[in-house]
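Novice: The structure follows.
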Amino acid sequence: MTLLVCWVARRLAIARAPQICILLASVVFYGWKNPSHLGYLFGSIFVNWLIARWIGAATGQRRKHILQLGLVLNIGFLCIFKYLNFFIGNIPYLVHRKLLVPDLGFPLGLSFYTLAQIMYLVDCYEELLPPSSLFDHATFVSFFPYVISGPISRAKRILHQFPALNASEVPNSDTAARGVMLFAIGLAKKVVLADSFARIADAGFGSMRSFSTLEAWIFTLAFAFQIYFDFSGYSDMAIGTAWMLGIDIPLNFTAPYISKSISEFWQRWHISLSHFITSYLFTPILRALGKATLRTSVIAVLLAMAIAGLWHGPAWTFVIFGVLHGVALAANQIWKKKKLKMPDWLGWLVTFVFVNLTLVFFRSPSVPLALHMLHSMLPRASLLGTSALKGVLPITPVLIVRPVAIGVVLAFFFRTSQDIAKHSTLNYRSMVATVVLFALSIFYMNSTPAKEFVYFAF
Amino acid sequence: MTPRAWLAKTVGLTVLVVIAVAAANVAIDIYGIFRNPDGRHLPGYGDDRVAKYLLSERYVPANFNALIIGSSFSGNWDAAHIDGFKMYNESLNGGNIVEEKTISDRALSSSRIKLVILAVQPFLTSSHEFETVHVTPRENVEALGSQNLLDAYKDKLRAHFRKDAQVFDDTGTITLPEGPRGLNPVAARVMDATAGFKIDPIALQAHQDLVAELHAAKIPIVFVIPPISQALLASRASQLTAYANRLLQNKSASDQLIDFTSPEFEAFRENGKNFSDGIHLTKLGAANAVTEINAHLNSR
């Protein structure tokens with residue numbers, strides 16, 4: 168719909184028509200489910216735009232103070248909606264008194280657009296880009312392909328594309344075609360693969376019953392693949408849609424499960440968040456700790472990853488997830504510093520198993536349930552039982568078993584979707600493949616209701 | 006191929022494929038929802054819940070004027086042999102009253118149903134969960150192309166070679182295994198009356214709602230307490246009576262009752278050939294039950 172309106176607007180030669188269309192589409196998209204949340208988005212956009220202008224106009228220490236104010240306001244905004252309940256909810260454990268917890272709701276995409284604007288303010292402060300107009304800033308922040316679940320984009324990367332977007336008479340059809348291809352791949356990843364893995368994972372994580380060791384591993388691995396295909400599928404669709412509109416947004420995944428170390432994993436997994444962690448958390452913390460040594464960098468990585476864990480959600484499970492990754496990254500730094508070696512296959516195995524174990528915390532609704540699942544994963548008397556699995560697997564082999572088998576192969580052995588979309592020749596073969604992916608996705612969506620994207624909760 | 010041609014052909018072909026698949030399914034119309042099903046004979050294929058839910062939208066009201074509402078124990082009562090009515094058997098394998106009500110509500114909304122035979126059996130009110138698929142109006146869209154439809158076509162194809170691939174016949178009647186065999190674990194659990202039969206409150210409410218709706222629509226109800234082997238009944242008679250009394254408390258004066266657990270039917274219950282596992286009837290038992298129901302309906 169947006170593509171069509173953009174195309175018509177371009178034909179009518181209205182000034183900045185494509186950008187106006189994109190902004191309007193973003194507003195409609197964001198407000199569709201809950202129009203009342205538009206107020207939070209607009210408020211956040213306006214305040215950050217204003218602060219960026221103040222930073223641009225100010226000099227000396229005042230600039231720093233305005234930036235600090237901006238950071239406090241953004242983090243405060245995030246905390247009010249995301250963490251207030253978490254902190255107040257944990258106070259009774261300390262003071263042994265029950266407190267009333269206000270329910271303020273959770274604006275969709277809050278975590279993502281707040282981070283994007285924190286990056287914008289810091290970039291303005293560091294004079295990496297000048298403060299933009301309200302129109303440009305609103306278009307950048309609310310851009311509908313990424314406003315809800317990322318990729319978290321830097322203003323610097325997006326804003327400079329607007330003049331070209333508005334100047335071109337027609338969108339680049341090669342980029343648009345590749346956007347369609349990437350969107351098809353992302354859609355299939357989500358509805359065919361991720362949702363098939365989700366049905367297995369949900370059967371395990373949704374119950375407190377005892378599982379055999381085999382079942383516990385299958386349930387946890389199913390979640391590892393679910394979240395990968397779910398989030399990378401979403402990212403592919405977001406990038407594909409942006410390409411269709413003529414805007415290039417950052418990558419988010421490049422085959423993370425083939426990583427041979429945890430640091431490589433974070434270079435391949437949720438890349439836009441990793442970039443934020445590195446540039447806007449790890450580096451400032453390291454600077455604040457003084458001289459960069461192994462000890463300070465270990466502390467910085469632990470703190471940065473704990474914050475990144477908490478960013479995912481107000482729960483101890485996410486904090487533990489972040490801390491565990493922080494510990495692993497710190498261990499990896501020490502390992503590298505000592506110039507120790509590990510065979511590639513062993514590095515891959517250790518990394519994949521570690522990520523799978525930490526994802527148990529990510530998926531579990533509480534720490535005791537996560538520990539219960541981890542306990543089930545240890546070799547015990549019930550090693551190879553399949554009674555819990557039988558309740559899930561035999562029902563719909565086409566809907567579950569085959570996509571699962573295909574998904575495992577794709578995750579380990581195939582080129583990334585962006586690579587395929589960028590470098591495929593636009594011929595009948597790629598056309599038929601795209602049509603098949605669309606048709607298959609529609610078939611799956613029509614067979615069972617699609618599950619909500621995992622990262623919509625964040 | 007130019008990128009623009011690639012784009013146009015990809016979008017066009019996708020739309021074409023989707024429309025072609027949907028059009029083919031509308032033309033085949035395995036559930037009688039897209040064109041007039043009057044006079045058609047549509048057996049059930051694929052998931053039995055989905056099939057009966059969709060068939061109940063147009064096919065059942067167009068071709069039948071009476072319903073049997075029950076679970077697997079009434080599933081093989083041959084609806085085609087019930088006198089005086091064009092009867093459709095809405096019974097589901099392992100079905101509870103919430104599922105049954107969801108399905109039969111569609112047929113009842115047509116106002117062409119003149120009689121309902123409603124089973125009174127603990128299985129129907131023991132739970133309220135949907136056994137396989139939570140059927141909703143979304144099934145109508147699924148009938149344009151989905152996994153269930155694909156399974157239904159596979160069943161239909163197999164039925165050309167093997168009769169048992171058919172889930173139920175064109176009157177909704179299910180073919181059950183003949184036995185003799187023991188009660189399956191689920192049935193054994195439901196029929197455990199040590200502390201009385203378990204009644205799920207949501208299922209009970211659904212049962213009461215169904216009865217109230219039938220009364221409001223002035224559709225006569227024939228309550229049937231289905232047969233149970235004498236051996237099983239002996240240890241559960243008082244609990245079954247208490248259960249039936251609770252379920253029948255909204256029975257109106259104009260409603261009928263056929264109680265296969267009454268002394269009148271002792272010979273039926275004593276005949277081992279009537280039962281495959283004590284609560285499910287063999288083909289012979291189902292035919293005998295239909296004969297008894299006919300005798301009752303004819304004597305009204």
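Going down the list, the sequences are from chains V and D. Per the working numbering, the first sequence starts with residue 168, numbered consecutively. Per the working numbering, the second sequence starts with residue 6, numbered consecutively. We put the beta carbon where it would ideally sit given N, CA and C, even for glycine.
Using a beta-carbon distance below 8 Å, is residue 594/V in contact with chain D?
Specialist: Cβ-Cβ to chain D under 8 Å: yes for residue 594/V.
Novice: Ignoring anything shorter than 3 residues, give me the beta strand (DSSP E) runs that lie fully in the segment 213-253 of chain V, in order along the chain.
Specialist: Runs found: none.
Novice: What's the gap between the Cα of residue 133/D and the Cα of residue 208/D?
Specialist: Straight-line Cα distance between these residues: approximately 5 Å.
Novice: Cα-Cα, which of 312/V, 409/V, 334/V and 233/V is closest to residue 285/V?
Specialist: Nearest option by C-alpha distance: 233/V.
Novice: Taking residue 616/V as the reference, give the member of 248/V, 459/V and 362/V with the closest Cα.
Specialist: Among 248/V, 459/V and 362/V, the Cα nearest to that of residue 616/V belongs to 362/V.
Novice: Any beta carbon of chain D sitting closer than 8 Å to that of residue 484/V?
Specialist: Not an interface residue.
Novice: Using DSSP with H/G/I as helix, E/B as strand and the rest coil, what is residue 367/V?
Specialist: In this structure, residue 367/V counts as helix in the three-state DSSP scheme.
Novice: Please confirm if residue 98/D has its CB atom under 8 Å from at least one CB of chain V.
Specialist: No, its Cβ sits nowhere closer than 8 Å to a Cβ of chain V.
Novice: Quick one, which of 168/V, 185/V and 176/V has its alpha-carbon nearest residue 414/V's?
Specialist: Checked all of 168/V, 185/V and 176/V; the closest Cα to residue 414/V is 185/V.
Novice: Give, in chain order, every residue of the segment 140-151 of chain D whose Cβ lies closer than 8 Å to some Cβ of chain V.
Specialist: The segment 140-151 of chain D vs chain V, Cβ under 8 Å: 143, 146, 147, 149, 150 and 151.
Novice: List the residues that DSSP assigns as beta-bridge partners of residue 121/D.
Specialist: Residue 121/D pairs with 72/D and 226/D.
Novice: Let me confirm a value: residue 24/D is counted as buried when at least 16 other C-beta atoms fall within 10 Å, else exposed. Which label applies?
Specialist: Per the 10 Å Cβ criterion, exposed.
Novice: So residue 74/D and residue 123/D are in contact, right, with Cβ under 8 Å, and what is the actual spacing, rounded?
Specialist: Confirmed, about 5 Å.
Novice: Just reading off the alpha helix (DSSP H) that residue 332/V is part of, what are its end residues?
Specialist: Per DSSP, residue 332/V belongs to the alpha helix (DSSP H) from 329-334.
Novice: List, in chain order, every chain D residue whose beta-carbon is nearer than 9 Å to that of residue 305/V.
Specialist: Under the 9 Å cutoff, chain D gives no residues; its nearest Cβ is about 29 Å from residue 305/V.
Novice: For the beta strand (DSSP E) that residue 94/D lies in, which residues bound it at each end?
Specialist: Looking at the DSSP string, the run of the beta strand (DSSP E) that includes residue 94/D is 92-94.
Novice: If you draw a straight line from the alpha carbon of residue 70/D to that of residue 92/D, how long is it in whole angstroms?
Specialist: Each residue's Cα considered, the two are about 6 Å apart.
Novice: Around the C-beta of residue 227/D, are 16 or more other C-beta atoms found within 10 angstroms, so that it is buried, or is it exposed?
Specialist: Looking at its Cβ environment, which holds 16 or more other Cβ atoms inside 10 Å, residue 227/D is buried.
Novice: Give a yes or no on whether the minimum CB-CB distance between residue 229/D and chain V is below 8 Å.
Specialist: Cβ-Cβ to chain V under 8 Å: no for residue 229/D.
Novice: Alpha carbons only, please: which of 63/D, 203/D, 238/D and 84/D is nearest the one belonging to residue 264/D?
Specialist: The option with the nearest alpha carbon to residue 264/D is 238/D.
Novice: Out of 403/V, 219/V, 533/V and 551/V, point me to the one whose CA is closest to residue 350/V's CA.
Specialist: Closest option to residue 350/V, Cα to Cα, is 403/V.
Novice: Drop a sphere of 10 angstroms on the beta-carbon of residue 272/V, count the other beta-carbons inside from all chains shown, and report buried for 16 or more, exposed for fewer.
Specialist: Exposed, by the Cβ-count rule.
Novice: Tell me, to the nearest whole angstrom, how far the beta carbon of residue 222/D is from that of residue 155/D; I am working on the premise that it is less than 8 Å.
Specialist: 37 Å between Cβ atoms; not a contact.
Novice: How about residue 189/V and residue 305/V: are their beta carbons less than 8 Å apart?
Specialist: Not closer than 8 Å, so no.
Novice: Extract the residue ranges of the beta strand (DSSP E) inside the segment 395-449 of chain V, only unbroken runs of 3 or more that lie entirely within it.
Specialist: Entirely contained in the segment 395-449 of chain V, not one beta strand (DSSP E) run reaches 3 residues.
Novice: Find the residues of chain V that neighbour residue 9/D, judging by a C-beta separation of less than 7 Å, and give them in chain order.
Specialist: The contacting residues are 340.
Novice: How is the beta strand (DSSP E) around residue 264/D delimited, first residue to last?
Specialist: Its beta strand (DSSP E) spans residues 261-264.
Novice: What do you reckon, are the CB atoms on residue 444/V and residue 456/V nearer than 8 Å?
Specialist: Taking 8 Å as the Cβ cut-off, residue 444/V and residue 456/V do not qualify as a contacting pair.
Novice: On the CB-based measure, 16 or more other CB atoms within 10 Å of its CB, does residue 243/V come out buried or exposed?
Specialist: That one is exposed.
Novice: Using a beta-carbon distance cut-off of less than 9 Å, what residues from the segment 154-167 of chain D approach chain V?
Specialist: Of all residues in the segment 154-167 of chain D, 154, 155 and 156 have a Cβ within less than 9 Å of some Cβ in chain V.
Novice: Since residue 140/D and residue 63/D are thought to touch, with beta carbons under 8 Å apart, how far apart are those beta carbons, to the nearest angstrom?
Specialist: 16 Å between Cβ atoms; not a contact.
Novice: Can a CB atom of chain A be found closer than 8 Å to the CB of residue 364/V?
Specialist: Annotation note: the requested chain A is absent from the structure, which comprises protein chains V and D.
Novice: Check the DSSP bridge columns for residue 286/D and list the partner residues they point to.
Specialist: Its beta-bridge partners are 280/D.
Novice: Taking the alpha-carbon of residue 209/V as reference, which of 374/V, 221/V, 191/V and 461/V has the nearest alpha-carbon?
Specialist: Residue 209/V has its Cα closest to that of 191/V, out of 374/V, 221/V, 191/V and 461/V.
Novice: Span of the alpha helix (DSSP H) holding residue 292/V?
Specialist: Looking at the DSSP string, the run of the alpha helix (DSSP H) that includes residue 292/V is 277-292.
Novice: Among 598/V, 553/V and 201/V, whose alpha-carbon lies nearest the alpha-carbon of residue 380/V?
Specialist: Considering only alpha carbons, the answer is 553/V.
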